[in-house]
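A short worksheet on the structure shown next.
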Amino acid sequence: MAPSDSTVIFRVRGSLEFSCWLESSNVLQSQRSISKTFNDLRSKVREESLVFNICNSPVFLWPNQDCQATVGNVSASTPCGDLQKHIEVEDWNGGGRKKRKDKKNVLTVIHLTLMTEVTVPAEENLPAPYLSTEKKRHALNMVLPVDCVISTAADESIGIVCEHLIGALCCQLSDMEKIVSQHMKGTAMPVPQLFHFMLPKPNGLVSVVYPANISDSQLESYRKELHKKYELAEDRPYFRRANAFQFPDQPYKDGYLRNPHEYLNHPNLEGANLYLVQGLYSYHHYMQDRIDDNGWGCAYRSLQTICSWFQQQGYTERAVPTHKEIQQALVDAGDKPAAFVGSCQWIGSIEVQVVLDQLLNVTSKIMFVSQGSELATKGRELANHFETEGTPVMIGGGVLAHTILGVAWSESSGQIRYLILDPHYTGGEDLQTITEKGWCGWKGPDFWDQQAYYNLCLPQRPKMI
């Protein structure tokens, strides 16, 4: 099920102890032992002692005991959306905890902790797997992390949700068993890694198990199986690790804002359709990363935003390039002299095209506009770009550069608005300031210098999985 305004995502996390004996001289017997252990774990998650704790709430549920709960008005027939009433969240304005209030356009995620009536180790401090030897047998002990998600309608009963969660846990254990059996080497058991991916409709959010320490390039055949399973074309990297779904209440550790445009109201244009950037990007602007590029680095920052998009969609594992790395790429490509590195010289759309090709092997189309007044007539071309490619667009004219994230365009009237991400912002990562002061906002045709010429760099998606 694909998320909508009435969708609730349930995410249950915890750990299960995995312990079995491996026969060093009998591979088949070891495989049987591993299979039996996974079967025992699947039985364990169906035991009456299993407990779900709704995080930041006093609610404990026994899913295999008809959803008995510690809160009197919660039962198996209660709509699952009602659980939000019992959840408290941190008040970052200094008020301690408060009742949950969901933001507009942000998915509702209810977190649960997997427990039993006997305490298990916390997920954050999982002990490492270890082997002990007894003659020709090896005791393998490790803690398996589990992380399951399901999407459901807010009016679905808690009893049905618990059934689905138990089923998802069993399926995840089966997926772990498959990965272990495929990548087991001798008595070395691979550690399963859990990822969630948001797929196009009708699939929605799905969970995948990968073996740790095996690169994406080595898992291409497995990803092809997943594409076939979910009926996806083999032209986009839906299942690369970098493309894993980021839950809305899960903070990013690098400090950059993601997708500030999602917090904006859409322009009111009669008969207009929206054509927007597809996927995640980071907002890069003046004065970040301890670099004073005020007055010359706007195109660099727009390029960094574009590079972040390709990284976060799984097209590249390369980090977003620094100013010097961008300059060095232009030198390596023969576009600039060696003295360009370390300078404060501007770059434009053509240089952005060169760097994307040099560093990411990404090709781009260039749209030439002889004067800004002509941009009002480019609705069809821009709409087609965002509908088919979905990448951020860099536009340069005069000494200014901006990032276009989408258009609202009416085919019948020709009216158009541009969704602009402005790299000239010099403040901190304050979402409210950025959206309310127009650093990320919808602009009309008069935003452009009507007499200046502009070049637009439209990056193209590589065809890959």
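If you use full-length UniProt numbering, the sequence shown corresponds to residues 1 to 465, in order. The C-beta atom is built at its ideal place from N, Cα and C for all residues, glycine as well.
Self-check item: Pair within 9 Å by beta-carbon distance, F195 and R236
Solution: no
Quiz item: Does the separation of the CB atoms of V45 and L61 fall below 9 Å?
Solution: no
Quiz prompt | Backbone secondary structure at K98 - three-state DSSP | solution = Because K98 carries a pLDDT of 41, less than 50, the predicted location of this residue cannot be relied on, and the following value inherits that uncertainty. Strand, per DSSP.
Quiz prompt | Limits of the unbroken alpha helix (DSSP H) element including N213 | solution = Careful: N213 lies outside any alpha helix (DSSP H) and carries neither H nor E.
Practice problem: Let me know if M464 comes out buried or exposed under the rule of 16 or more other beta-carbons within 10 Å of its beta-carbon. | Solution: exposed
Quiz prompt | The beta strand (DSSP E) enclosing T152, as first and last residue numbers | solution = R137 to A153
Quiz item: Counting Cβ pairs closer than 8 Å, one from the segment 321-333 and one from the segment 408-416, do we hit at least three?
Solution: no
Quiz item: Rounded to a whole number of angstroms, what is the C-alpha to C-alpha distance between N39 and K178?
Solution: 12 Å
Quiz prompt | Among K324, H183 and A299, nearest to P192 - alpha-carbon criterion | solution = H183
Practice problem: Look at V407 and I416 and say whether their C-beta atoms are less than 9 Å apart. | Solution: yes
Practice problem: Ignore the nearest five residues each way along the sequence and tell me which others in T7's own chain have a CB closer than 6 Å to its CB. | Solution: S151
Exercise. For S349, count neighbouring C-beta atoms within 10 Å of its own C-beta (all shown protein chains included) and say buried if the count is 16 or more, exposed if not.
Key: buried
Quiz item: Do you know how far the Cα of F52 is from the Cα of C80?
Solution: 14 Å
Quiz prompt | Cβ-Cβ separation, L41 to L173 (assumed contact under 8 Å), whole Å | solution = 5 Å
Quiz item: Which class does L280 belong to by DSSP, given the choice of helix, strand or coil?
Solution: coil
Quiz item: If T113 sits next to C67, beta carbons under 8 Å apart, how far is it from one beta carbon to the other, in whole angstroms?
Solution: Incorrect: roughly 16 Å between the Cβ atoms, too far for contact.
Exercise. Could you spell out where the beta strand (DSSP E) holding G14 opens and where it closes?
Key: T7 to E23
Quiz prompt | Contact check, V393 vs L375, beta carbons under 9 Å | solution = no
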